[in-house]
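Read top to bottom, the protein sequences are chains A and B.
With my numbering, the residue at position 280 of the first sequence is 280, and numbering never jumps.
With my numbering, the residue at position 122 of the second sequence is 472, and numbering never jumps.
Cβ coordinates follow ideal geometry from the N, Cα and C atoms, glycine included.
Each remark here refers to the structure printed beneath this line.
Protein chains: 2
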Amino acid sequence: MPSQTPVGRKVTLNDIAAGCGVSRATVSLVLRGSSLVNKLTRARVEEELRRQGYVYNRAAANLRRRTSTSIALVLNDLANPFFAEFAAGVDETLAAAGFVTLLGCTGESPTREQAVLGSLLEHGPAGIILSPAERSKAHDVLAVVGRRVPLLLFNRELGGALPEFAHWDQLMLDNQHGARLATEHLIARGHRHIAFFGGHHDSSSCRQRHAGYVEAMHTAGLRTEPYWRIECAPTRLDAAHHAPALFAGALAPTAAVCYNDAVALGLMLGLNQRGLRPGHDFALTGFDDIAEAALGMPPLTTLSVAPHERGQQAAQLVLQRLQQPQAASHQTVAPVQLIVRESSCPPPTA
Amino acid sequence: MPSQTPVGRKVTLNDIAAGCGVSRATVSLVLRGSSLVNKLTRARVEEELRRQGYVYNRAAANLRRRTSTSIALVLNDLANPFFAEFAAGVDETLAAAGFVTLLGCTGESPTREQAVLGSLLEHGPAGIILSPAERSKAHDVLAVVGRRVPLLLFNRELGGALPEFAHWDQLMLDNQHGARLATEHLIARGHRHIAFFGGHHDSSSCRQRHAGYVEAMHTAGLRTEPYWRIECAPTRLDAAHHAPALFAGALAPTAAVCYNDAVALGLMLGLNQRGLRPGHDFALTGFDDIAEAALGMPPLTTLSVAPHERGQQAAQLVLQRLQQPQAASHQTVAPVQLIVRESSCPPPTA
DNA sequence: TCTCGCTATTGGAACGATCCAAAGCGGCAC
DNA sequence: GTGCCGCTTTGGATCGTTCCAATAGCGAGA
């Protein structure tokens, strides 16, 4: 509407106070909905606020009150749909609680992670949600973050764990259990020779998923050949590239538990190029249940981790921590759910 | 009133000053790397800063200097990989320039857009990058944002355009040209009966793409039948649903230019259900080049819009605007690139 | 001796909000 | 007239930083 704000200077409490003949303090009370203010006065002030197009300066208020209304969200890779959905969930919940999200991306670089954390901290967030870069060290994070601001670790553990950082909360996925579910499912379908495909060994989530796979295999009395463990970058392209490695060993697997969906979808491509039809001649499973999983050819059996809900959960955990700064730190493991689709066929000979 | 959280006592300039026997002002000069400070003094102060674990309070500085070091990024849908990559590009460039990203998601709701913009504005961003929700009105955005903070519109135009908002910068995709390229490509492949499939007519990007399609058809001397224009929601599911409509008219098309990749992938499903093989019996193109496009069956011919680069560009445009607040507003149209894959086959009879 | 210039340093007033103790005011009881 | 009570309102200090004008010290030139 016809806002009469003079260009070049912000409208402050003083302007409003002067504009309707009350004190700054009264205007402040009105803004905060205090019941001390007389109805008539309030109406006059509110009219003036509207007339001058006042916008609240939360930075100034936070300075005086020594409070903060922002939370930093630091992600290793926002371009990954998994983290994007996570971020959307975080922002949604934070916004509902009146907080604002300070975003930072590290691109899997511990160096940039340091810089990003440092820069965000200067803006005084009340808390931090961090999905660490791959080789990020607990010691370095502690050095820049300090103990003052509560931190929630998401998705990955930090390298070189320090005893002192037990005060950090954690929200992790149940990687081991999930991979175990997938493996058991393949075994139940009749597979005996099952590979573990993709991911890097120095990623904690990959190690956990691999452990779940081994656990299921051994529980079922099945062997795991070393050459059934194929490492590659967690991308489609690299996965497609490494497909032939599956069949280089003495005993070819009939199925593969893949590190994640990206890897599984890449492997499908690689199999096609070898003339193998995934879901018919070879079974595979993924992890994450990204949007593309349901649409693959064939649709991919995978583990749903509900990234949006995880984002909401992460935000809630941080908000909870803010209310009880002294409570013992909390380790949360989010459940994962097996989604059976067509990629996990029985073995061709069965 | 949003809940606010107390933060523990912080180390301030006063603490440092007291700690090494200089004045607050001197410490401030050291922090800002002023050349006025004596080398010895600087060393002493820096040592003390480290010793006490000082963190700069940018909010206080910004208050005093009447500056801002944050930019608000308001997106209609962060869960969409296109916007996620865009956001990553924005954050990357902003961070490099020393700015911090204030994130806000609107979920395609103009109401939430209002709320989110209002909340972010209270934190005093230096500028705003906005990808509007679908039915967002220029009038409403202007009412909450005002003229004080520069705004960059990305990707979509606002409804009910006001003359006054000519001062907003814009970064749009070259929708019309892109759709024209796709259509020309299909024509060059030998198609004569080409449909335009998907999207809503009240979306500016859909209108533009349709215009590009019409332009190419008419330039080539080809007719466009009204029943070759099929509207549906820009989702896979709705697209699959509307596939039969393509063949309901007197003259069946042999190809379709789709509103975007999601729609194209959905149409593929719908065609398959009719026993038509996309890429063999029917040609189609998409728009966006999302990750799944390359992995479709068949891989999808589409238009690449490079969302990450667009994010960098958007950030640069805003930063530029901050340096020249009075410069005339700028409308940028980002180029798109045709990516030819297997979905755009020649017509079966050709 | 006085002034000048140069280098370092500093106290105090901002920035825009909130907090707090104090006060104005009308009515009512004594 | 005085004291006391609620109901509103208010001035001034304060949060952590930066800006500004003022200074102190000190060697050099007149």
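Reference residue i, options the options, closest by Cα
i             : options                       : result
residue 179/A : 148/A, 214/A and 149/A        : 214/A
residue 603/B : 609/B, 511/B, 594/B and 400/B : 594/B
residue 298/A : 306/A, 310/A and 284/A        : 284/A
residue 21/A  : 36/A, 49/A, 86/A and 222/A    : 49/A
residue 690/B : 600/B, 379/B, 592/B and 539/B : 539/B
residue 525/B : 553/B, 659/B and 663/B        : 553/B
residue 268/A : 95/A, 287/A, 343/A and 289/A  : 343/A
residue 556/B : 638/B, 363/B and 497/B        : 638/B
residue 620/B : 600/B, 596/B and 551/B        : 596/B
residue 632/B : 404/B, 542/B and 475/B        : 542/B
residue 62/A  : 472/B, 434/B, 373/B and 598/B : 472/B
residue 431/B : 668/B, 382/B, 615/B and 641/B : 641/B
residue 580/B : 601/B, 600/B and 609/B        : 609/B
residue 124/A : 130/A, 131/A and 145/A        : 145/A
residue 401/B : 651/B, 375/B and 367/B        : 367/B
residue 327/A : 168/A, 41/A and 129/A         : 168/A
residue 53/A  : 404/B, 492/B and 611/B        : 492/B
residue 239/A : 262/A, 256/A, 173/A and 130/A : 262/A
residue 643/B : 675/B, 616/B, 679/B and 682/B : 616/B
residue 624/B : 591/B, 653/B and 451/B        : 591/B
residue 653/B : 698/B, 626/B, 523/B and 405/B : 523/B
residue 666/B : 548/B, 583/B, 646/B and 479/B : 479/B
residue 583/B : 669/B, 577/B and 548/B        : 548/B
residue 276/A : 31/A, 39/A, 348/A and 102/A   : 348/A
residue 360/B : 65/A, 31/A, 40/A and 25/A     : 65/A
residue 497/B : 25/A, 155/A and 55/A          : 55/A
Beta-carbon proximity list for residue i, same chain, < 6 Å, skipping 5 on both sides
i             : result
residue 560/B : 546
residue 500/B : 477 and 671
residue 105/A : 75 and 78
residue 6/A   : Legend: pLDDT at residue 6/A = 34, less than 50; position of this residue unreliable, value from coordinates given subsequently. Excluding sequence neighbours, residue 6/A sits near nothing in its chain.
residue 279/A : 298, 342, 343 and 345
residue 89/A  : 308, 311 and 312
residue 85/A  : 307 and 308
residue 3/A   : Below a pLDDT of 50, predicted positions are generally treated as unreliable, and residue 3/A, at 30, falls in that range; no measurement from the model is reported.
residue 255/A : 186, 191, 194 and 283
residue 1/A   : With a pLDDT of 31 at residue 1/A, under the threshold of 50, the predicted position of this residue should be treated as unreliable, though the coordinate-derived value follows. So no residue of the chain qualifies.
Cross-strand partners of residue i (DSSP beta bridge)
i             : result
residue 638/B : 654/B
residue 104/A : 74/A
residue 283/A : 255/A
residue 199/A : 232/A
residue 325/A : DSSP lists no partner for residue 325/A.
residue 683/B : 522/B
residue 339/A : 302/A
residue 278/A : 282/A
Residue i CB to nearest heavy atom of the ligand GTP below 8 Å
i             : result
residue 643/B : By its list of ligands, the structure shown contains no ligand whatsoever, and the ligand GTP lies outside what it can speak to.
Own chain partners of residue i with C-beta closer than 7 Å, once the 5 adjacent residues on each side are dropped
i             : result
residue 136/A : 110, 113, 158 and 159
residue 449/B : 419, 420 and 421
residue 575/B : 599 and 601
residue 437/B : 423, 425, 428 and 661
residue 551/B : 557 and 581
residue 373/B : 367
residue 417/B : none
residue 331/A : 170
residue 27/A  : 13, 16, 17 and 45
Contacts around residue i, its chain only, beta-carbon distance under 8 Å, and the 5 residues preceding and following it disregarded
i             : result
residue 379/B : 386 and 387
residue 133/A : 76, 106, 107, 108, 109, 110, 112 and 113
residue 408/B : 419
residue 488/B : 508, 509, 510, 511, 512 and 515
Inset, instruction - Report yes or no: do three or more beta-carbon pairs, one from the segment 117-136 of chain A and one from the segment 327-343 of chain A, lie closer than 8 Å? - result: no
Legend entry - At least three beta-carbon pairs within less than 8 Å, the segment 65-74 of chain A to the segment 32-52 of chain A: no
Legend entry - Three CB pairs or more closer than 8 Å across the segment 533-552 of chain B and the segment 570-584 of chain B: yes
Legend entry - Residue ranges of each beta strand (DSSP E) within the segment 456-544 of chain B, 3 or longer: 477-480, 501-504 and 519-523
Inset, instruction - Answer yes if the segment 438-451 of chain B comes into contact with the segment 650-664 of chain B, meaning at least three C-beta pairs across the two stretches below 8 Å, and no otherwise. - result: Put simply, the segment 650-664 of chain B touches the segment 438-451 of chain B. At least three CB pairs are less than 8 Å apart.
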